[in-house]
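In the order they appear, the protein sequences are chains D and P.
Heads up: the first sequence begins at 3 in the working numbering, then just goes up one per residue.
Heads up: the second sequence begins at 47 in the working numbering, then just goes up one per residue.
We treat Cβ as the ideally placed atom computed from N, Cα and C, and that holds for glycine.
One structure is given below, encoded as structure tokens.
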Amino acid sequence: MSMQSNLDTLYRQVIMDHYKNPRNRGELDENDALTINMNNPSCGDRIQLHLQVENDQVVDAKFTGEGCSISLSSASMMTDTVKGKSIEEALEISGIFSEMVQGKEYDDEKYDLGDIEALQGVTKFPARIKCATLAWKAMEKGLDE
Amino acid sequence: MFDVQKVREQFPILHQEVNGHPLVYLDNSATSQKPIQVIEALEEYYNSYNSNVHRGVHTLGSKATDGYEGARDRVQSFINAKNREEIIFTRGTTTALNIVASSYAKAKLNEGDEIVLTPMEHHSNIIPWQQVAKATGAVLKYIPLQPDGTISLEDVEETVTDKTKIVTMVHVSNVLGTMNPVKEVGEIAHNHGAIMIVDGAQSSPHKKIDVQDLNCDFFAFSAHKMCGPTGIGALYGKKELLDDMEPFEFGGEMIDEVGLYESTWKELPYKFEGGTPIIGGAIGFAKAIDYLEEIGLENIEAHEKMLVQYAMDRLTEHEDVEVYGPPADQRAGILTFNIKGVHPHDVATVLDSQGVAVRAGHHCARPLMNWLGCTATARASFYLYNTKSDVDAFVDALVTAKEYFGDVYAE
Ligand SMILES: Cc1ncc(COP(=O)(O)O)c(C=O)c1O
Numbered sequence: 003m004s005m006q007s008n009l010d011t012l013y014r015q016v017i018m019d020h021y022k023n024p025r026n027r028g029e030l031d032e033n034d035a036l037t038i039n040m041n042n043p044s045c046g047d048r049i050q051l052h053l054q055v056e057n058d059q060v061v062d063a064k065f066t067g068e069g070c071s072i073s074l075s076s077a078s079m080m081t082d083t084v085k086g087k088s089i090e091e092a093l094e095i096s097g098i099f100s101e102m103v104q105g106k107e108y109d110d111e112k113y114d115l116g117d118i119e120a121l122q123g124v125t126k127f128p129a130r131i132k133c134a135t136l137a138w139k140a141m142e143k144g145l146d147e
Numbered sequence: 047m048f049d050v051q052k053v054r055e056q057f058p059i060l061h062q063e064v065n066g067h068p069l070v071y072l073d074n075s076a077t078s079q080k081p082i083q084v085i086e087a088l089e090e091y092y093n094s095y096n097s098n099v100h101r102g103v104h105t106l107g108s109k110a111t112d113g114y115e116g117a118r119d120r121v122q123s124f125i126n127a128k129n130r131e132e133i134i135f136t137r138g139t140t141t142a143l144n145i146v147a148s149s150y151a152k153a154k155l156n157e158g159d160e161i162v163l164t165p166m167e168h169h170s171n172i173i174p175w176q177q178v179a180k181a182t183g184a185v186l187k188y189i190p191l192q193p194d195g196t197i198s199l200e201d202v203e204e205t206v207t208d209k210t211k212i213v214t215m216v217h218v219s220n221v222l223g224t225m226n227p228v229k230e231v232g233e234i235a236h237n238h239g240a241i242m243i244v245d246g247a248q249s250s251p252h253k254k255i256d257v258q259d260l261n262c263d264f265f266a267f268s269a270h271k272m273c274g275p276t277g278i279g280a281l282y283g284k285k286e287l288l289d290d291m292e293p294f295e296f297g298g299e300m301i302d303e304v305g306l307y308e309s310t311w312k313e314l315p316y317k318f319e320g321g322t323p324i325i326g327g328a329i330g331f332a333k334a335i336d337y338l339e340e341i342g343l344e345n346i347e348a349h350e351k352m353l354v355q356y357a358m359d360r361l362t363e364h365e366d367v368e369v370y371g372p373p374a375d376q377r378a379g380i381l382t383f384n385i386k387g388v389h390p391h392d393v394a395t396v397l398d399s400q401g402v403a404v405r406a407g408h409h410c411a412r413p414l415m416n417w418l419g420c421t422a423t424a425r426a427s428f429y430l431y432n433t434k435s436d437v438d439a440f441v442d443a444l445v446t447a448k449e450y451f452g453d454v455y456a457e
């Protein structure tokens, strides 16, 4: 049952945990936070990300939206990760994440990537990479502004 | 006699394993597989008589021209069009519908005119009309859907008025499998002086089409969904309408006289076929039509009906699988569904791990997804080479998906 174990590399328990018990699901007050809408036009996933940034620091992050286990668990992990990081750090981690899911060499030492590394399994499922990166793209878009 | 095992032998691609399981290809509404006859016709064209058409004096040029123009005759007879020049080769359904929107509707519609359509349209039969509305001030009106995803002729009567200039809809919905009564709708349209456009992308692969009987004004379809190559399709239009339209693309092949400041167009159908046409594609398209007619469209339709009925019967055992659209006897071989609590992407990934190819997403029908109350669905769609054991493999894989996600949920 190699395919079963292959599936298991995609759907790691941590991922399922984030999917079933998403962290930071919800909204932030529009007066304090940026709101970024991001769709995956090819499959219908939508995410709305709220980022509260003060003095170049991401002080809070929340999200709402609909999507598959990969896109929603990724949003949950991403919001967990960027909270408390500077803009520069958050963007850098996003870059590392992007390399990781594309199956490239990535720096796993500079930051504690924690749960995020569980998403490595998508490299074997090219059709699902876009699911994994949706929330991160939203974050990058928000912080670039 | 229709023999599905014989049919399968003609499709080389089906005989492979995917992820350690025999391939079960159920994404036919997206694109169909190609029989060896079509592949060989393309090979023969490129190997032995590839040439440009309509211009070369040389032998290969004439052969290619014969192949291309012969394909037009083939398409004409396939849909029973009255005249060969009513067949315009296009890149596919999308381009065909855009030609009508651009060259007919933008020129003829005025502020306050109405374009009537349904919420079950593919994006390619919505967005061109939104653009026409923006350009002309015409308005879009939608015929409401019944709870089972069909339309009623009473609602069509209510929606179409004397201000309506265009009624357009899918013949068969690529999501619900609904078969729309386009002939009757066309009568209503004509009674109000409107034209009737049919998006035949999902009907032409599966049933006999007779545009004169349907009495539609335009009919659009794609070769790649009916055993033909990608990159080619056709627009049928009534001659008097096409004659009265300006070209869609300008350039070589479509001109009569060219001056420095003015040019004139060739006659139909060439004025709509600017540039080097899709020669190989048209030849492959014609071969696909030969193939389908040899098998018999009525056999194909009956086979798919059997499969969709069998699949729906088997799915009734699974209460947590919701199937959208009309009952089996009123639908084409398309089955759109969701498993409760499992996102369709995840369903499709687990199915793929079992060798079963289905589509997951919004199927280019966002407004319909809103109507269904979901952002995405999974879809299995059948064609002539699918078997009951494909359906069994599909249902087994669904059970695997449920168990897999059930287990992860339970932990
Ligand atoms: C109902 C319907 N209309 C139009 C299209 C567009 O066809 P094409 O992509 O070949 O232009 C499709 C294909 O997905 C379809 O299913």
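Going by C-alpha to C-alpha distance, which of the options sits closest to residue i?
| i | options | result |
| --- | --- | --- |
| histidine 100 (chain P) | P:Ile85, P:Leu88, P:Ser94, P:Gly116 | P:Gly116 |
| alanine 269 (chain P) | P:Ile241, P:Pro227, P:Gly330 | P:Gly330 |
| serine 44 (chain D) | P:Cys410, P:Ser94, P:Pro315, P:Ala280 | P:Cys410 |
| leucine 163 (chain P) | P:Val388, P:Thr207, P:Asp194 | P:Thr207 |
| glutamate 308 (chain P) | P:Pro68, P:Ile82, P:Gly297, P:Asp49 | P:Gly297 |
| tryptophan 417 (chain P) | P:His169, P:Pro190, P:Lys180, P:His67 | P:Pro190 |
| glutamate 160 (chain P) | P:Thr136, P:Trp311, P:Tyr95, P:Tyr188 | P:Tyr188 |
| tyrosine 113 (chain D) | D:Pro24, D:Lys132, D:Glu91, D:Met102 | D:Glu91 |
| glutamate 365 (chain P) | P:Gly371, P:Phe383, P:Tyr431 | P:Phe383 |
| lysine 152 (chain P) | P:Ser75, P:Met291, P:Val64, P:Thr421 | P:Met291 |
Do residue i and ligand 1 come close, with the Cβ less than 7 Å from some heavy atom?
| i | result |
| --- | --- |
| asparagine 17 (chain P) | Residue 17 (chain P) lies beyond the stretch modelled for chain P, which goes from 47 to 457, so this question has no answer here. |
| alanine 247 (chain P) | yes |
| cysteine 273 (chain P) | no |
| asparagine 42 (chain D) | no |
| serine 88 (chain D) | no |
| asparagine 432 (chain P) | no |
| histidine 168 (chain P) | yes |
| cysteine 410 (chain P) | yes |
| valine 216 (chain P) | yes |
| alanine 76 (chain P) | yes |
| histidine 67 (chain P) | no |
| asparagine 220 (chain P) | yes |
| histidine 364 (chain P) | no |
| serine 97 (chain P) | no |
| serine 268 (chain P) | yes |
| glycine 277 (chain P) | no |
| threonine 224 (chain P) | no |
| glycine 138 (chain P) | yes |
Starting from the C-beta of residue i, find all residues in its chain whose C-beta is less than 8 Å away, skip the five residues before and the five after it, and write them out in chain order.
| i | result |
| --- | --- |
| alanine 456 (chain P) | Summary for alanine 456 (chain P): the model assigns pLDDT 48, below 50, so the residue's position carries little reliability, and this model does not support an answer. |
| asparagine 8 (chain D) | Lys126 |
| proline 458 (chain P) | In this structure chain P extends from 47 to 457, so residue 458 (chain P) is not present and cannot be described. |
List the whole-angstrom C-beta distance separating residue i from residue j, where the pair is believed to meet the contact cut-off of C-beta under 8 Å.
| i | j | result |
| --- | --- | --- |
| aspartate 374 (chain P) | valine 404 (chain P) | The question names aspartate, but residue 374 (chain P) is alanine in the sequence shown. Alanine 374 (chain P) to valine 404 (chain P), Cβ: 18 Å. No contact. |
| glutamine 248 (chain P) | lysine 271 (chain P) | 7 Å |
| phenylalanine 57 (chain P) | asparagine 345 (chain P) | At roughly 16 Å, the Cβ-Cβ gap does not stay under 8 Å, so phenylalanine 57 (chain P) and asparagine 345 (chain P) are not in contact. |
| leucine 414 (chain P) | valine 221 (chain P) | 5 Å |
| arginine 425 (chain P) | isoleucine 380 (chain P) | 7 Å |
| glycine 279 (chain P) | arginine 137 (chain P) | 7 Å |
| phenylalanine 440 (chain P) | valine 402 (chain P) | 5 Å |
Considering just the uninterrupted stretch of the alpha helix (DSSP H) at residue i, what are its terminal residues?
| i | result |
| --- | --- |
| leucine 361 (chain P) | 343-361 |
| glutamate 131 (chain P) | Careful: glutamate 131 (chain P) lies outside any alpha helix (DSSP H) and carries neither H nor E. |
| lysine 285 (chain P) | 285-289 |
| phenylalanine 99 (chain D) | 89-103 |
| lysine 229 (chain P) | 228-237 |
| alanine 179 (chain P) | 173-182 |
| lysine 109 (chain P) | 105-125 |
| glutamine 51 (chain P) | 50-55 |
Which same chain residues, not among the five before or five after residue i, have their C-beta less than 7 Å away from its C-beta?
| i | result |
| --- | --- |
| tyrosine 282 (chain P) | Ile125, Ala127, Glu132, Ile133, Val257, Phe264, Phe265 |
| methionine 3 (chain D) | At methionine 3 (chain D) the pLDDT is 43, less than 50, meaning the model places this residue with poor confidence; the figure from the coordinates comes in the next sentence. There are no such residues. |
| isoleucine 197 (chain P) | Thr164, Ile189, Leu191, Asn226 |
Quick one: residues in its chain with C-beta nearer than 6 Å to the C-beta of residue i, no 5 flanking neighbours on either side, listed in chain order?
| i | result |
| --- | --- |
| methionine 242 (chain P) | Val213, Gly232, Ala235, Cys262, Asp263 |
| glycine 144 (chain D) | Leu36, Ile38, Leu53 |
| arginine 14 (chain D) | Ala120 |
Can you give me the start and stop residues for the beta strand (DSSP E) that residue i sits inside?
| i | result |
| --- | --- |
| leucine 30 (chain D) | Leucine 30 (chain D) -> no beta strand (DSSP E), and no H or E assigned at all. |
| threonine 125 (chain D) | Element bounds for threonine 125 (chain D): n/a, residue is neither H nor E. |
| glutamate 303 (chain P) | 301-304 |
| glutamate 119 (chain D) | Careful: glutamate 119 (chain D) lies outside any beta strand (DSSP E) and carries neither H nor E. |
| arginine 425 (chain P) | 423-427 |
| leucine 53 (chain D) | 47-56 |
| alanine 63 (chain D) | 59-68 |
Would the beta-carbon of residue i be found less than 7 Å away from any heavy atom of ligand 2?
| i | result |
| --- | --- |
| threonine 196 (chain P) | In terms of ligand content, the structure shown lacks ligand 2 and carries ligand 1 instead. |
Give the residues of chain B in contact with residue i, contact being defined as C-beta atoms less than 9 Å apart.
| i | result |
| --- | --- |
| glycine 69 (chain D) | The structure shown has no chain B; the protein chains it does contain are D and P. |
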